[in-house]
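Novice: In the working numbering, the protein residues as written are 2 to 205.
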């Protein structure tokens with residue numbers, strides 16, 4: 002994608018794509034799924050987060066997997082639909098979807114940590130970047146058994162990989178997205194530094 006092509010896209014189209022992405026991204030699947038399953042408000046357990054990791058704390062692995070899938074797909078769907086109108090609306094929609102997940106208006110702007118939606122947007126905009134993310138996440142998770150560290154490491158690598166692969170605009174988009182992931186994981190980072198972050202598979 003050519004950086005100069007941004008000027009060719011009408012501002013109303015970009016704003017519409019941003020709004021569309023936000024509305025789609027703001028659907029709180031974790032909250033909805035657990036409510037429909039009769040498990041109450043997922044925000045009242047564990048970390049109080051609406052993402053798949055906290056849904057897993059209900060003991061329902063299937064619901065957690067479904068939450069992960071839907072949170073990712075809403076990012077991919079936003080990008081692919083808006084992408085029918087050009088690469089710039091696709092990027093705007095991806096940004097909107099990510100912000101919608103992090104700050105959903107329906108839940109007082111208190112949403113998830115964004116990793117699944119980050120990956121979904123990445124898959125829609127530049128699928129090789131999603132492969133880089135997946136390989137990095139799996140490698141770090143296997144070596145350390147820290148899901149948060151795996152996600153944080155992958156989000157550092159993604160913008161660099163996108164730039165090297167020639168996906169310039171997506172690379173620029175994922176710099177602030179990665180920073181937001183770090184911001185939402187600040188409590189995890191503190192626990193990693195202190196050495197008391199929960200490992201994958203650990204009880205409690």
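Backbone N, C-alpha and C fix where the C-beta goes; we use that ideal spot for every residue, glycine too.
Every value quoted in this text rests on a predicted model; they were computed, and no experiment measured them.
1. Is the distance from the Cβ of residue 107 to the Cβ of residue 27 below 8 Å?
2. If you compare alpha carbons, which of 146, 137, 186 is closest to residue 162?
3. What did DSSP end up calling residue 102 once you bin it into helix, strand or coil?
4. Pull up the distance between the alpha-carbon of residue 200 and that of residue 17, whole angstroms please.
5. Tell me whether the beta-carbon of residue 68 lies closer than 8 Å to the beta-carbon of residue 52.
6. Three-state secondary structure (DSSP) at residue 72?
7. So, is residue 98 buried or exposed, given that buried needs 16 or more other C-beta atoms within 10 angstroms?
8. Identify which residue in 185, 34, 87 has its Cα closest to the Cα of residue 100.
9. Give the single residue among 71, 60, 21, 13 whose Cα lies nearest to the Cα of residue 33.
10. What does a CB cutoff of less than 6 Å around residue 146 pick up in its chain, not counting 5 residues either side in sequence?
11. Of the residues 90, 149, 167, 54, which one's Cα is nearest the Cα of residue 183?
12. Could you pull out every unbroken alpha helix (DSSP H) segment of at least 4 residues lying fully inside the segment 80–152, listed in chain order?
13. Run through DSSP, which three-state label would residue 12 get?
Specialist: Result, derived from the coordinates:
1. Yes, the pair counts as a contact, with Cβ atoms nearer than the cut-off.
2. Its Cα nearest to that of residue 162, the residue 137 stands out among 146, 137, 186.
3. Three-state DSSP puts residue 102 in a helix.
4. Approximately 41 Å between the Cα atoms of the pair.
5. Yes, these two residues count as a Cβ contact at 8 Å.
6. Residue 72 falls in the helix class under three-state DSSP.
7. With 16 or more other Cβ atoms within 10 Å, it is buried.
8. Residue 185 is the option with its Cα nearest to residue 100.
9. Of the listed residues, the one whose Cα sits closest to residue 33 is 71.
10. The beta carbon of residue 146 is closer than 6 Å to those of 200, 201 in its chain, skipping five residues each way along the sequence.
11. When each option's Cα is compared against that of residue 183, the closest is 149.
12. Within the segment 80–152, the complete alpha helix (DSSP H) runs of at least 4 residues are 88–103, 116–126, 128–145.
13. Shown here, residue 12 sits in a helix according to DSSP, grouped into three states.
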